[in-house]
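Before any comments, here is the structure.
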Amino acid sequence: MRKKLIAGNWKMNNTPSQGAALIADIKETADKASCDVVVCTPYICLPAAVKAAEGSKIAVSAENMHFEDKGAFTGEISAEMLKEVGVTYTVIGHSERRQYFAETDETVNLKTVKALANDIIPIVCVGESLSQRENGVTFDFIAMQVKLALKNISAQDAEKVVIAYEPIWAIGTGKTATDEQANEVCAFIRKTVKELYGENTANTMRILYGGSMNAKNAAGLLAQSDIDGGLIGGASLKAPDFCTIINAATNA
Ligand code: PEP
């Protein structure tokens, strides 16, 4: 039985004090929940978020990370830096980073490998564009993204990886994939992982859905057989909505 995971992706929202206040507002619900709860915050908010989450079940995640240990990479943050402030997860390859910051399948893989080597759980994002879906290449594209992200990763390490299926056309658009559409691709990702590593790894790996998940549609999505949680953008910024989603995961 896979434990569900609800992760809020704040993107470039919340100052450190605003973030700490948001965490204070979700703490009680998170502590009562049977799912894991993660907040993915801007780098500058991470120390305040870790402090605010102290003593609770909430884990803190970065939204990105560099794949090198150190060096001349102005503006970047390493796994070691994240670890020292108490970060235990990081998002890797969010479509916004692929689109606006030249993230590639190769850098996604390097970052995934580096996160695992530092005991940071990677939440690796994959997802097709609207034109890829309309042209019938969704499954080919997703298989490629998953296989490239997991290159050079052992079965033992792959079990720790979280994959978030986030169709680009559903992110921040208010246009959610139907329960069936989302589950179909999540099940396909699990099948792809099974081909790579076998049944145990496939059955252990957590696969999330992301893309306009909200307080109203979360229960339906989270009830699907292959959806092990959600990566939530907009709705994670409002404590009551995020708490409703956490409760939906507990009741799924
Ligand atoms: C996201 O940021 O990963 C996301 C899914 O955003 P939203 O929920 O706002 O679509």
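Residue numbering for the sequence shown follows my numbering, starting at 1482 and increasing by one per position. No residue lacks a Cβ here, since even glycine has one placed at the ideal position from N, Cα and C.
So, residue i versus residue j, is the Cβ gap smaller than 8 Å?
{"i": "residue 1707", "j": "residue 1667", "result": "yes"}
{"i": "residue 1542", "j": "residue 1571", "result": "yes"}
{"i": "residue 1485", "j": "residue 1703", "result": "yes"}
{"i": "residue 1548", "j": "residue 1597", "result": "no"}
{"i": "residue 1660", "j": "residue 1705", "result": "yes"}
{"i": "residue 1722", "j": "residue 1696", "result": "yes"}
{"i": "residue 1618", "j": "residue 1605", "result": "no"}
{"i": "residue 1529", "j": "residue 1500", "result": "yes"}
{"i": "residue 1610", "j": "residue 1649", "result": "yes"}
{"i": "residue 1546", "j": "residue 1527", "result": "no"}
For a test of the three-state rule: what should DSSP assign to residue i, helix, strand or coil?
{"i": "residue 1542", "result": "strand"}
{"i": "residue 1510", "result": "helix"}
{"i": "residue 1482", "result": "coil"}
{"i": "residue 1582", "result": "coil"}
{"i": "residue 1597", "result": "helix"}
Tell me, which residues are paired with residue i by DSSP?
{"i": "residue 1490", "result": "1521"}
{"i": "residue 1711", "result": "1487 and 1690"}
{"i": "residue 1646", "result": "1607 and 1690"}
{"i": "residue 1602", "result": "1570"}
At a threshold of 7 Å, does residue i count as lining the ligand ATP (C-beta to nearest heavy atom)?
{"i": "residue 1492", "result": "What this structure holds is the ligand PEP, not the ligand ATP."}
Next item on the list: Go through the region 1662 to 1696 residue by residue and report every complete run of the alpha helix (DSSP H) that reaches 4 residues or more, in order.
Entry: 1680 to 1685
Check: Pairing CB atoms from the region 1672 to 1683 with CB atoms from the region 1709 to 1722, are three or more of them under 8 Å?
Finding: no
Note to self: Just to confirm the assignment: which complete alpha helix (DSSP H) runs, minimum length 4, are found wholly within the region 1541 to 1576?
What the structure shows: 1560 to 1565
Check: Is it true that the region 1510 to 1526 meets the region 1486 to 1502, where meeting means three or more beta-carbon pairs spaced less than 8 Å apart?
Finding: yes
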